[in-house]
Amino acid sequence: MASERELSYIASVKDEDVYAYRMRKELRYRTYCNELRVNDTSVKRSVWTDAGWLDLYFYYPRERTSDVVVFNFHGGGFCLGYWELDVPYCRLMADRSGAVVVNVDYPCSPEHKYPMTYTASYDAMVWCHRHAEELDIARGRFMTVGSSAGGNIAAAMVQMASRQGDFPIVGFAMNYPVLRMSLSREALDSSRAIANERSLQYIAWEYADLNQMGEPLASPTEAGPEVCWPDMLLNVAGFDSLKGEADDFRDLLVSRGTHVDYKNYPQAEHGFTHADLNEYRPDDSSDAWGRIARFIKAH
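Going by the UniProt record's numbering, the first residue of the sequence shown is number 1, and it counts up by one from there.
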């Protein structure tokens, strides 16, 4: 139940506040992102969606041994578009699994509020399915992968594909995903978790109506039994305030007969898989991405 303080804080957040937030991130990441762009080996394709042009970056493995196509969704609270930060991990997944990996530069809020991130991303996947021969990819054996907000999008793509039937998704993998939209969360140590004010900012920028937070695309824990969930891999962080909802989602899918490969990294915090973040834990990160690569290869 939201408190008056939380609702008041959300009401005080303006859409234009996102630009100061993005500027701080730009000053922090621009050198690192420029280095990643210079050394990137992807093939870029731009796709028209209901949110305008959406860029896709294709990573073809050195040796292709899988007909699966993996769509990767980066993190960033739905409001940051740093697809570059996932470049090393897309390359790693492609080469270790032998599958084609597609890094999705999806539209962000507040310019594109819920549900446009989902609908545009799904449009792009449908386009890839229909243009498989042109793209030199297999038709209709897709997987989705995502970290944080990207994990939420990865789960949303499974729901949309299950309901609309355009193509099968044979598995999905997530690092510390957002699985239940909430105005307040508990953590083992609040000093090692996402600040609640930051989470409230993300929510204010993403939703025009807070009632949308309870919809299944936004909160996969609310998805009904009509969704056919494929095999799932889930990496969680022990100090993450999102761990509770991830555990609930795991239990939900297990109860519905889905195979779940779950691992908790007890000393890790949200973001531990990414070298650009202060929370980065190299050994745990290597293990988490290795698990995902093996999961892809197994399918």
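The beta-carbon is built from N, C-alpha and C at its ideal position, and this holds for glycine as well.
It should be emphasised that the depicted structure is a prediction, and the values quoted were computed from it without experimental measurement.
- For Gly146, same chain residues with a beta-carbon under 6 Å away, outside a window of 5 residues either side, are Phe73, Ile153, Ala154, Met174 in chain order.
- In the structure shown, Ser3 falls within a coil segment according to DSSP collapsed to helix, strand and coil.
- Contact between the segment 115–131 and the segment 46–59 is present: 3 or more CB-CB pairs across the two stretches fall below 8 Å.
- Just so you know, the alpha carbons of Trp127 and Arg5 end up roughly 44 Å apart.
- Counting only runs that start and end inside the segment 167–196, the beta strand (DSSP E) elements of at least 3 residues fall at 169–175.
- Straight through space, the alpha carbons of His131 and Ile292 are spaced by roughly 26 Å.
- If only uninterrupted beta strand (DSSP E) runs of at least 3 residues are considered, those enclosed by the segment 63–121 are 69–73, 100–105.
- Between Arg294 and the set Gly244, Ser97, Ser199, His112, the nearest pair of CA atoms involves Ser97.
- Contact between Phe172 and Pro230 is confirmed by a C-beta separation of about 7 Å, below the 8 Å threshold.
- With a cutoff of 8 Å on beta-carbon distance, Ser42 and Cys79 are scored as not near each other.
- Gly77 is classed as buried because its beta carbon has at least 16 other beta carbons within 10 Å across all chains shown.
- Annotation for Leu252: the continuous alpha helix (DSSP H) segment containing it runs 243–255.
- As the crow flies, the alpha-carbon of Leu183 is around 8 Å from that of Ser199.
- Assigned with DSSP and collapsed to three states, Leu217 falls in coil, not helix or strand.
- The DSSP assignment places 132–135 as complete runs of the alpha helix (DSSP H) inside the segment 129–154, in order along the chain (cut-off: 4 residues).
- The C-beta distance from Glu269 to Phe249 rounds to 19 Å, too long to meet the 8 Å contact threshold.
- Counted as a single uninterrupted DSSP element, the alpha helix (DSSP H) harbouring Trp289 occupies residues 282–298.
- Per DSSP, the continuous beta strand (DSSP E) segment holding Tyr59 begins and ends at 52–59.
- Per DSSP, reduced to three states, the secondary structure at Val227 is coil, with no helix or strand assignment.
- Contact between the segment 252–259 and the segment 212–231 is present, with at least three C-beta pairs closer than 8 Å.
- The C-alpha of Ala204 lies about 22 Å from the C-alpha of Trp83.
- No Cβ-Cβ contact shorter than 8 Å links Ala156 with Tyr106.
- DSSP, reduced to helix, strand and coil, places Tyr207 outside both helices and strands of the structure shown, so it counts as coil.
- For the pair Tyr280 and Ala237, the CB atoms are not nearer than the 8 Å cut-off.
- Judged by beta-carbon spacing, Phe272 lies within the 8 Å limit of Ser285, meaning their Cβ atoms are closer than that value.
- In terms of CA proximity to Ser46, Asn103 leads the group Asn103, Glu26, Ile10, Asp67.
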